[in-house]
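In what follows, a structure is listed as structure tokens, so that the remarks can point back to it.
Number of protein chains: 2
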Amino acid sequence: MPVTIRDVARAAGVSITTVSHAFNGYEDVGDETKKRVLQVAKDLNYRPSRVARSLVLQQTQSVGLLISDFNANPGSNHFLFDVLAGIHNRLAELGYDVTLLSTTTARQQLISYIDFCTERRLEGVIVMGMRMDDPYMQEVADASLVSVGIDLPILSRHCGYVMTDNVGGAKQGVKHLLSKNHRRIGFVNGHLHAVVSIDRLRGYEDALRDEGIAVDPELIVHSDFLVEGGEKATAALLERRPDVTAIFYASDLMALGGMRHLQKAGRRIPEDVAVVGYDNIDVGQWVVPALTTVGQKRYEMGTSAAEMLVGMLQRKEEPRACVLQADMVIRQSS
Amino acid sequence: MPVTIRDVARAAGVSITTVSHAFNGYEDVGDETKKRVLQVAKDLNYRPSRVARSLVLQQTQSVGLLISDFNANPGSNHFLFDVLAGIHNRLAELGYDVTLLSTTTARQQLISYIDFCTERRLEGVIVMGMRMDDPYMQEVADASLVSVGIDLPILSRHCGYVMTDNVGGAKQGVKHLLSKNHRRIGFVNGHLHAVVSIDRLRGYEDALRDEGIAVDPELIVHSDFLVEGGEKATAALLERRPDVTAIFYASDLMALGGMRHLQKAGRRIPEDVAVVGYDNIDVGQWVVPALTTVGQKRYEMGTSAAEMLVGMLQRKEEPRACVLQADMVIRQSS
DNA sequence: TTGCGTTTCCAAAACGTTTTGGGTACCATT
DNA sequence: AATGGTACCCAAAACGTTTTGGAAACGCAA
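Going down the list, the protein sequences come from chains U and B. Position one of the first sequence corresponds to residue 0 (numbering that gives the first Met the number 0), numbered consecutively onward. Position one of the second sequence corresponds to residue 0 (numbering that gives the first Met the number 0), numbered consecutively onward.
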């Protein structure tokens with residue numbers, strides 16, 4: 000049904016070769032014929048078939064986008080969406096198509112993601128939304144398929160990654176509070192067996208030390224990244240050290256819980272206690288006062304991943320770790 | 000580099016025909032040889048090339064997903080993301096791949112989306128995030144390409160759509176307030192040149208009439224879907240009719256603005272004034288009190304669109320309008 | 001012996017491109 | 001007249017599958 004190169008050749012009275020050459024910028028086709036061929040092609044509405052092209056060229060110019068748990072990610076939705084947009088837009092600019100691929104459906108079909116990619120001759124894959132303990136991780140690491148992980152710090156022969164500098168991010172957040180002359184700064188961290196918690200703690204400590212302030216263990220409390228946890232942790236912190244003038248939270252959700260408690264306890268924000276969160280979730284800009292926070296450059300993470308992948312694909316670049324600076328968003332809570 | 004059907008044939012000592020037949024359930028291959036072929040294929044890690052398959056079969060088993068303004072959609076992000084997940088997961092179950100495609104990318108502005116699809120031999124396309132006045136709309140409507148729109152009420156020869164029942168949704172919201180014995184219910188609508196505003200107004204009026212309550216024009220005020228607009232509209236409404244006991248907003252953002260004003264004006268929610276919004280955005284569950292709202296079944300919209308498209312593709316079903324019921328979420332603000 | 005079914009296998013064409021290795025005119029030099 | 005160069009064009013192979021139309025081998029009935 001669709002019009003092929005053969006139809007164009009016949010209509011223009013030339014060979015298939017000539018049509019192909021006319022389209023692909025070869026020098027050995029006369030101006031006159033070239034014009035005629037292109038005109039005929041346009042008239043017939045000819046579009047060269049990518050699948051035939053892929054077959055003969057042995058490259059599809061398309062990559063997979065592996066999203067873990069595509070349906071059940073209410074928390075990180077916009078995170079994934081923004082990254083997704085970045086990946087796709089940059090990849091499109093670079094001439095690559097992106098095919099979606101989720102672990103949930105792939106698992107249903109009992110086919111590994113590697114098999115999925117080789118069947119389709121995808122040239123590479125970007126992996127996101129996956130946790131370090133995901134069973135797919137092993138496959139990603141071992142794969143001979145070129146891949147880039149988002150927030151997935153695995154570096155192997157064919158596998159690079161892009162993530163955000165959590166140490167630096169936390170440092171920025173605390174430095175911001177220091178610049179507002181706060182000296183007794185509480186820190187509500189997540190559980191310590193998450194990698195980000197360790198990094199953010201480092202950042203908190205580094206910032207204080209840079210300013211010559213001793214780290215006071217009483218000011219540090221651990222929680223679970225969630226709202227209620229933040230609320231309780233804040234209560235405990237205030238009990239222990241009622242003199243804090245600022246609190247840094249390792250997640251926005253905990254910061255929201257904390258603000259709830261602070262307001263209940265009659266502390267004004269930011270006059271009595273300043274608050275800084277982490278993640279830059281949407282809600283932050285709607286609460287009163289609006290939440291100061293440090294977030295990831297989500298769209299940029301996507302574009303970076305896209306560029307890294309294409310670099311590895313086209314210029315045989317070595318896989319590397321791309322660490323992006325965190326993004327400080329200053330609002331009314333500090 | 001990748002292992003082909005020829006490699007398998009050679010290794011198993013049969014013709015490529017036999018390998019193909021063994022894989023595709025033909026009856027004319029002996030039990031003994033069939034077992035050997037499959038074993039050899041597994042040993043060699045053979046995966047049939049979809050691109051070669053697509054070429055000879057003249058079908059790619061893959062569809063496009065056209066997303067308008069992929070990068071600049073902060074408001075409706077999770078809406079698109081959830082729909083996207085629904086589309087992809089259902090489509091994967093049905094054996095289709097999905098290729099991303101956005102209107103924004105510079106490269107893709109040079110080439111129409113129809114051309115994009117025919118080049119790749121995509122069998123159909125699902126369109127989302129597009130507004131009725133988008134220049135791409137014309138193309139979608141005229142296309143001979145099979146397509147399904149999300150929230151895009153266009154019905155043509157090859158083009159169906161799925162959207163949410165806005166009349167029914169608004170009706171549900173207002174009925175909920177009526178069931179709480181509210182009788183003077185204000186309505187803060189969006190601008191009237193949006194289709195949804197007209198529908199939601201209809202729903203508001205229908206609900207009141209069903210209960211035998213006259214529609215009071217003084218209780219209806221128009222705004223712009225946004226926070227500040229909702230705030231001002233609420234102020235105006237309270238000025239005009241201080242006796243309202245409930246307000247229905249045509250968007251959550253306006254409801255948030257409204258709640259801000261109500262609290263400033265010293266009205267308790269929901270004791271003095273009950274509030275119901277529309278859209279079910281994430282923020283709604285974090286504000287205090289949590290916002291009652293009516294939303295769309297986002298994931299289900301995706302799966303429905305996927306099923307409709309595949310129905311049109313495989314069973315030659317006629318394009319149709321699929322109208323889903325709205326989703327009432329009752330929280331503390333009402 | 002011939003003819004006819006089964007069962008199991010295969011050669012070759014086809015799908016729509018790209019690319020290689022020429023070929024034919026034509027003109028300008030020797 | 002032969003040679004060489006240039007400008008333009010093309011046939012055919014290749015990419016990795018599926019499918020069509022047999023073919024070979026065998027047994028069985030006439």
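From the three backbone atoms N, C-alpha and C, an ideal C-beta is built for every residue, glycine too. None of the values given here were measured: they were computed from a predicted structure.
Presumed contact (8 Å Cβ cut-off) between residue i and residue j, rounded CB distance
i      : j      : result
B:G185 : B:R240 : 7 Å
B:L65  : B:L100 : 5 Å
B:H87  : U:F69  : 6 Å
U:V187 : U:M253 : 5 Å
B:G202 : B:V161 : The Cβ separation is near 19 Å, so there is no contact.
U:H190 : U:D215 : That pair is no contact at about 21 Å.
U:I268 : U:S332 : 5 Å
B:T163 : B:L323 : 5 Å
Pair within 8 Å by beta-carbon distance, residue i and residue j
i      : j      : result
B:V18  : B:I4   : yes
U:T117 : B:R46  : yes
B:S250 : B:D278 : yes
U:L154 : U:A305 : no
U:V166 : U:S146 : no
B:D96  : B:S61  : yes
U:V243 : U:L236 : yes
B:A51  : B:K33  : no
B:S67  : B:Y135 : yes
B:V286 : B:A245 : no
B:R49  : U:R119 : yes
B:V82  : B:M300 : yes
B:M311 : B:G159 : yes
U:R208 : U:A169 : no
Inter-residue Cα distance where the pair is residue i and residue j
i      : j      : result
B:H181 : U:E92  : 55 Å
B:G283 : B:G294 : 11 Å
U:E217 : B:I329 : 41 Å
U:D326 : U:L151 : 19 Å
B:M129 : U:D141 : 41 Å
B:D6   : B:L43  : 8 Å
B:G229 : B:G276 : 11 Å
U:R1   : B:G123 : Residue 1 of chain U is actually Pro in this sequence, not Arg. Distance between the alpha carbons of U:P1 and B:G123: 14 Å.
U:A8   : U:D30  : 16 Å
B:I149 : B:S53  : 28 Å
U:Q171 : U:K296 : 14 Å
B:T98  : U:E204 : 46 Å
B:T233 : B:V274 : 11 Å
B:K231 : B:H260 : 8 Å
B:E238 : B:A289 : 25 Å
C-beta neighbour in chain B for residue i, strict 8 Å
i      : result
U:A347 : What the structure shows of chain U is the stretch from 0 to 333, and residue 347 of chain U is not part of that stretch, so it cannot be assessed.
U:E118 : yes
U:A304 : no
U:S101 : yes
U:L54  : yes
U:F69  : yes
U:A91  : yes
U:H87  : yes
U:H77  : yes
U:V36  : no
U:P288 : no
U:V355 : What is shown of chain U runs 0 to 333, which leaves residue 355 of chain U out entirely.
U:R319 : no
U:A354 : This structure does not reach residue 354 of chain U, given that chain U is present from 0 up to 333, and the question cannot be answered.
U:T292 : no
U:F334 : Missing from the structure shown is residue 334 of chain U; chain U here goes from 0 to 333 and no further.
Cutoff 8 Å: residue i Cβ touching any chain U Cβ
i      : result
B:S14  : no
B:Y112 : no
B:Y298 : yes
B:L43  : no
B:D27  : no
B:A245 : no
B:R46  : yes
B:F224 : no
B:T17  : no
B:D281 : yes
B:P1   : yes
| Does the count of Cβ pairs from the stretch 189 to 200 of chain B and the stretch 313 to 326 of chain B closer than 8 Å reach three? | no
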